[in-house]
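**Q** Protein chains in written order, with my numbering: chain A, 50 to 474; chain B, 128 to 599. Think of the CB as a built atom: it goes at the ideal place given N, C-alpha and C, for glycine as much as any other residue.
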Amino acid sequence: MKKFTQYFLILFFLIVLFVQISWLTNLGASPEESVVEARTLVALEPASNPNLGRALDFIEQGNYRDAAEILINLYTSASFVNKFERATSDQFPFRMPIIQFSKALDRGIIKIAYGLLKDTAIPADMTSDIYYDKTNNQLVFSPNLFNEAAKEAIDERISNYEDIIQSHPDKNFYLYYHQTLENSEFHPLSTSFAYADRSQSIGYFEENLPENLVLKKFMLEGMEDHLENYYRTDHHWNVYGILKAYGDIHDMLASNYPGISPMLEHKDILKFPDIKFLGLMARRTFYPIKGDDFAVEIVDSPAYEMKVNDQLIEQNLRQTYFEGNYSTVPYTNHYNEFYGYVTNYTEYTFENDSNRNLLFIGSSYRYALDPLVASHYKKTYCVDLRYFTDFSLSEFLAEHDVDDILIIGDNNVAFEDLEYWKINP
Amino acid sequence: MPFSSITFIFLFLPITLIAFYVLPRKGWRNLVLVLTSLVFFAWSDPTHIHILFLSIIINYLWGCFIGKAQAQNATKSAKTQMWIGILLNLGLLGFYKYTGFFLDILNSVLPISIDYAQKALPLGISFFTFSGISYILDIYNEIHPPEKNLVRFSSYLIMFPKLVQGPITRFIQVKDELLQPKFIPLGIMEGVRRFIGGLAKKVILADSLGMATNKVFATEFNEMGAGLAWFGLIAYTLQIYLDFSGYTDMAIGVGQMLGFKLPENFNFPYISRSISDFWRRWHITLGAWFRTYLFIPLEFARKKAKNLRQQSNLMIVFLLTGLWHGASWNFVIWGAYYGLILAIEASGFSKMLKKAAPFFQYAYAIILIMIGWIFFRITDVSKWGSFFSALFGANGWTNLVTFRSLNILFYLPFLIPAILLSLPFLHQFGEKIKAKGGKALLVLDMGYIALFLFTITFILSKGFTAFMYVEF
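1. What residue does the alpha helix (DSSP H) around Y163(A) start on, and which one ends it?
2. Looking only at its chain, what residues have a beta carbon closer than 6 Å to the beta carbon of A191(B), apart from the 5 residues adjacent to it on each side?
3. In terms of residue numbering, what span does the alpha helix (DSSP H) encompassing M377(B) cover?
4. I need the DSSP call for P551(B), collapsed to helix, strand or coil.
5. Pull up the distance between the alpha-carbon of I178(B) and that of P288(B), whole angstroms please.
6. Indicate, with yes or no, if the ligand HEM has a heavy atom lying under 7 Å from the CB of G354(B).
7. Who are the near neighbours of Y225(A) in its chain, counting only those whose CB is closer than 6 Å to its CB and skipping five residues on each side?
8. What residues in the region 376 to 387 of chain B have a beta carbon less than 9 Å from any beta carbon of chain A?
9. Would L434(A) and I410(A) qualify as a contact pair, given that the criterion is a beta-carbon distance under 8 Å?
10. With three or more C-beta pairs closer than 8 Å as the rule, is the region 449 to 457 of chain B touching the region 433 to 440 of chain B?
11. If we count Cβ pairs, one from each stretch, closer than 8 Å, do we get three or more for the region 496 to 504 of chain B versus the region 357 to 367 of chain B?
12. Excluding the five sequence neighbours on either side, which residues of its own chain have a C-beta within less than 7 Å of the C-beta of Y464(B), listed in chain order?
13. Below 7 Å CB to CB, which residues in the same chain sit around I234(A) once its five sequence neighbours on both sides are set aside?
14. Does the Cβ of P379(A) have 16 or more other Cβ atoms within 10 Å, making it buried, or fewer, making it exposed?
15. So that I know if they touch, is there some Cβ in chain A lying closer than 8 Å to that of T207(B)?
16. Hey, would you say Y390(A) sits closer than 8 Å to K428(A), going by beta carbons?
17. Please list the residues of the region 531 to 560 of chain B that have a C-beta atom closer than 7 Å to any C-beta atom in chain A, keeping them in chain order.
18. If you count every other CB in all the chains shown that lies within 10 Å of the CB of P485(B), and 16 or more means buried, which is it?
19. According to DSSP, is F310(B) part of a helix, a strand, or is it coil?
20. Counting pairs of beta carbons, one from the region 151 to 163 of chain A and one from the region 148 to 161 of chain B, are three or more of them closer than 8 Å?
21. DSSP beta-bridge partners for E396(A)?
22. State yes or no: is the C-beta of G293(B) within less than 8 Å of the C-beta of G380(B)?
23. Can you tell me which of W406(B), S516(B), D507(B) puts its alpha carbon nearest to the alpha carbon of A470(B)?
24. Under the DSSP definition of a beta bridge, which residues are partnered with G411(A)?
25. Does the CB of V65(A) have a neighbour CB from chain B at under 8 Å?
26. Got a sec? Which residues, its chain only, sit under 6 Å from A417(A) by beta carbon, not counting five neighbours each side?
27. Among S424(A), R135(A), D283(A), P99(A), whose alpha-carbon lies nearest the alpha-carbon of F135(B)?
28. Grouping DSSP H, G and I as helix and E and B as strand, with all else coil, what is W286(A)?
29. Once DSSP output is grouped into helix, strand and coil, what is the label at Q187(A)?
30. Given a cut-off of 8 Å, decide if V288(A) and I318(A) are closer than it, judged by their beta-carbon atoms.
31. Tell me where the alpha helix (DSSP H) around K481(B) begins and ends.
32. Is the region 390 to 409 of chain B touching the region 466 to 481 of chain B in the sense that three or more CB pairs, one from each, lie closer than 8 Å?
33. Are the beta-carbon atoms of R156(A) and Y306(A) separated by less than 8 Å?
34. Identify the continuous alpha helix (DSSP H) that holds Y244(A) and give its terminal residues.
35. Ignoring anything shorter than 4 residues or poking outside the region 174 to 258 of chain B, list the alpha helix (DSSP H) runs there in chain order.
36. Should the region 74 to 91 of chain A be regarded as contacting the region 337 to 347 of chain B, the criterion being three or more beta carbon pairs within less than 8 Å?
Written as structure tokens, this is what we have:
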């Protein structure tokens, strides 16, 4: 007994051994997809590394000098170390249950810390800056800030708008801004953050609105408005938000496009009964919250052709869903799976009587609107500047016949972000 | 390769232990240690591996030169070789760590403008350079003869448990183990305990508190109330101790698993009763290094100086201690701050302090230590004033930036275990259980396994961050 008690910590080495055996048994297995993280897990596949393969070939041939050179270069490159570190973590046995357990512990500690306080919104975990809003049973990002840095960024974007509008005076420029909870005064934490935006940023932008930029806003009127138009676990708008935005955009475009075709009528709203949509905030925090209903619009649309990066799409994602071919795995990103081809460039050609073409710039919020808005134009060129990093408006307009340029988005896309959304004239 | 990475814990450490112990000849164990240490170093800093080789060659050769001169009774030659060896070590350290700093000073003082692109600091250079200097000086002082076996010497200088963050170990402290590596099963068990304890300190507490302090110290201090400023300072005080002592626990633990007894680096520094007491408990091996190789020689060299000799020597030692931590003014001032306090204590204040109530002694020490951490943490000297203002209530108890707006309120509960681990009670309780053995030890070890699993969940879910003292 005495010996056993002294050597109990051999268990430490057994745990280490278990992990190693688990890695060995997974060695060479094809890379797994992580639905929650929306990425392919890094596999422990040394043999699949082409350089390592070459080094092994050299060793077999007796060419030790070249083999050594490759191995040293391989080992001393940070990418190898980073990939290896990532792989050991990604292939750790029971990784997901362990992370879920850790997130549950986070919530326990957070509850202890907030136990005596009356906060209605508390952090959903310790790493994400996402909060659980108890009153409305939803997950929310922390409020965005409106400070000097934000003002400077907006000023730079205003100047950018002025530049591109002056450079292309023959085009119609439209901006559709939709407010999200983080920028509104209805955010449950807006009073806890001295610099919370509380609609100040859009106010500042409007005060200095560039000439000849047509602006239309989708402002939140209250928490109810947010709950009606956006998901509770995801940052995106839901079908009601999408349809409202479509109506607004149609009105806005009509101001300079008298012959615009009437809005597409939505025949129905289809709810997928076996989907409970757990969005980005649920995926990041593993917060135990019931998923949202996933409902989409059904519209009578004229026939159209869709190209993603010049590749003709035979059957688009929406049709796949309508045919019942979708994943019911929890945490599947249904918003992207249904609406989006997350890509830099998509082109629509509609069979209609329009003789106008549109350049449509925006992020994932735009994806949901693409075919609806595009139905009013002959050709619509959809651009996501996060991925179309070498985009130049002048070059694009020189190559494409465009009448209207429409930018849609939240604060970032509309007037704050300088990394992706400042348009290269 | 950080000790708290999955790769180290589940791959590097077990492979090293197996390779170390299964080799039939004990002499090969040092070779295993050298090779694994090179892999360990290159994993994080492959571009500076040549610096490690250079340091090995310099210290090995000059150790031999001094030994040879001494064997021939060529005292003057031995002294010359000793100085060359030290200057080569200091040159290496100075080139990488201090060139930019001193050129900045020259550029600002003289009417010149020398452009210099600051070079990346080789991992652990401050630590292995000081080990090298101690080796040279110990040979010169005839503490031990030069090590003729290059592999054995290399395994001393670059031994991976102590390579990047110490403890700064003298050759004499590990000489026997290098000569006769031993397999001590109970030592391995104790090493595992020490390693798990350090890992948990680092990953669960230091890293969590680090998340909070990073946010606090990145804030505009004039928008911060006293509550947040004090939290930031207390959290940082605990973080730096738990981070560095956690690393040391892991280093000593890994050392024990390999049969080495590395020196202790901490002895509950936050229960110090004076600043001189603090420097006997904080980063003990660095303090011992400066005491042995600088302060005592200075005392001898200046024994004829009658006025304020000890005080000025303390000032010199602590200015250099500050500079050792980093080539920037905040570290120099941090060192000067301690030099000044120690000089005052040496001038009779210590005797007065000893007569005061223990509570006053503890409060005196911890407040001065915490003030010292402000100079250490805030590298931009111009911001110290606004932080002190916030700390002493110039912006009120709370201001524009709050616990909620920084989203750090949930780190408050971490202070409790962090404070408990900074006090000796839990450690003493653990030692009693270990001495008692039997079922109590079994329960303790079950606790260690649970703690290990718990820590792994933290690493997997939150990742890990680099150890703080790696930067020095």
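**A** Based on what the coordinates show:
1. Counting from one through the first sequence, the residue named residue 163(A) turns up at place 114. First-last of the alpha helix (DSSP H) with Y163(A): 144 to 163.
2. Indexing the second sequence from 1 puts residue 191(B) at position 64. A quick correction: the sequence has Cys, not Ala, at residue 191(B). So the qualifying residues of the chain are P273.
3. On the second sequence, position 250 is the one that residue 377(B) refers to. Segment 353 to 384, the alpha helix (DSSP H) holding M377(B).
4. Position 424 of the second sequence, counting from 1, holds the residue named residue 551(B). If DSSP states are grouped into helix, strand and coil, P551(B) belongs with coil.
5. Mapped onto the second sequence, residue 178(B) falls at position 51. Mapped onto the second sequence, residue 288(B) falls at position 161. If you take the alpha carbons of I178(B) and P288(B), they lie about 18 Å apart.
6. Among the components modelled here there is no ligand, and therefore nothing to report on the ligand HEM.
7. For the purposes of this step, residue 225(A) is taken as the residue at position 176 of the first sequence. Contacts found: K265, I298, I457.
8. none
9. To locate residue 434(A), count along the first sequence from 1; it is residue 385. To locate residue 410(A), count along the first sequence from 1; it is residue 361. Yes, the pair counts as a contact, with Cβ atoms nearer than the cut-off.
10. A contact between stretches requires three or more CB pairs, one per stretch, nearer than 8 Å, and the region 433 to 440 of chain B fails this requirement with the region 449 to 457 of chain B.
11. Yes, they touch.
12. Along the second sequence, one-based indexing puts residue 464(B) at 337. Cβ within range, chain order: G499, F502.
13. Within the first sequence, the letter at position 185 stands for residue 234(A). A small correction: the amino acid at residue 234(A) is Glu; Ile does not occupy that position in the sequence shown. Taken in chain order, the residues that qualify are R247, S248.
14. Here residue 379(A) refers to the residue found at position 330 of the first sequence. An exposed status is given to P379(A), since fewer than 16 other beta-carbon atoms sit within 10 Å of its beta-carbon.
15. Within the second sequence, the letter at position 80 stands for residue 207(B). No - not a single Cβ of chain A is within 8 Å of the one on T207(B).
16. Within the first sequence, the letter at position 341 stands for residue 390(A). Within the first sequence, the letter at position 379 stands for residue 428(A). Cβ distance not < 8 Å, so Y390(A) and K428(A) don't count as in contact.
17. Against chain A - using a Cβ distance shorter than 7 Å - the residues of the region 531 to 560 of chain B are R531, S532, N534, L536, F537, L539, P540.
18. Taking the second sequence and counting its residues from 1, the one referred to as residue 485(B) is at position 358. Exposed: under 16 other Cβ atoms inside 10 Å.
19. For the purposes of this step, residue 310(B) is taken as residue 183 along the second sequence, with counting starting at 1. F310(B) falls in the coil class under three-state DSSP.
20. no
21. To locate residue 396(A), count along the first sequence from 1; it is residue 347. Its beta-bridge partners are K356(A), Y430(A).
22. Within the second sequence, the letter at position 166 stands for residue 293(B). Within the second sequence, the letter at position 253 stands for residue 380(B). In this structure, G380(B) does not lie closer than 8 Å to G293(B) by Cβ.
23. In the second sequence, the residue the question calls residue 470(B) occupies position 343. For the residues W406(B), S516(B), D507(B), the minimum Cα distance to A470(B) belongs to W406(B).
24. By 1-based counting over the first sequence, the position of residue 411(A) is 362. Beta-bridge annotation (DSSP): G411(A) is paired with I457(A).
25. Here residue 65(A) is taken as the residue at index 16 of the first sequence, counted from 1. At least one chain B Cβ lies under 8 Å of V65(A).
26. Here residue 417(A) is taken as the residue at index 368 of the first sequence, counted from 1. Only I291, Y388 meet the Cβ criterion.
27. Within the second sequence, residue 135(B) is the residue found at index 8, counting from 1. Cα-wise, what sits closest to F135(B) is R135(A).
28. Counting from one through the first sequence, the residue named residue 286(A) turns up at place 237. Strand, per DSSP.
29. In the first sequence, residue 187(A) corresponds to position 138, counting from 1. Here Q187(A) carries a strand assignment [DSSP, helix/strand/coil].
30. Taking the first residue of the first sequence as position 1, residue 318(A) is located at position 269. Taking the first residue of the first sequence as position 1, residue 288(A) is located at position 239. For I318(A) and V288(A), yes; Cβs fall inside 8 Å.
31. Start at 1 with the first residue of the second sequence, and residue 481(B) comes out as number 354. Per DSSP, K481(B) belongs to the alpha helix (DSSP H) from 477 to 482.
32. Between the region 466 to 481 of chain B and the region 390 to 409 of chain B, the count of C-beta pairs closer than 8 Å reaches three or more; the two stretches touch.
33. Counting from 1 along the first sequence, the entry for residue 156(A) is found at position 107. Counting from 1 along the first sequence, the entry for residue 306(A) is found at position 257. Contact: no.
34. Residue mapping note: residue 244(A) aligns to position 195 of the first sequence, counting from 1. It is not in any alpha helix (DSSP H) - Y244(A) carries neither H nor E in the DSSP assignment.
35. 176 to 198, 202 to 224, 226 to 236
36. no
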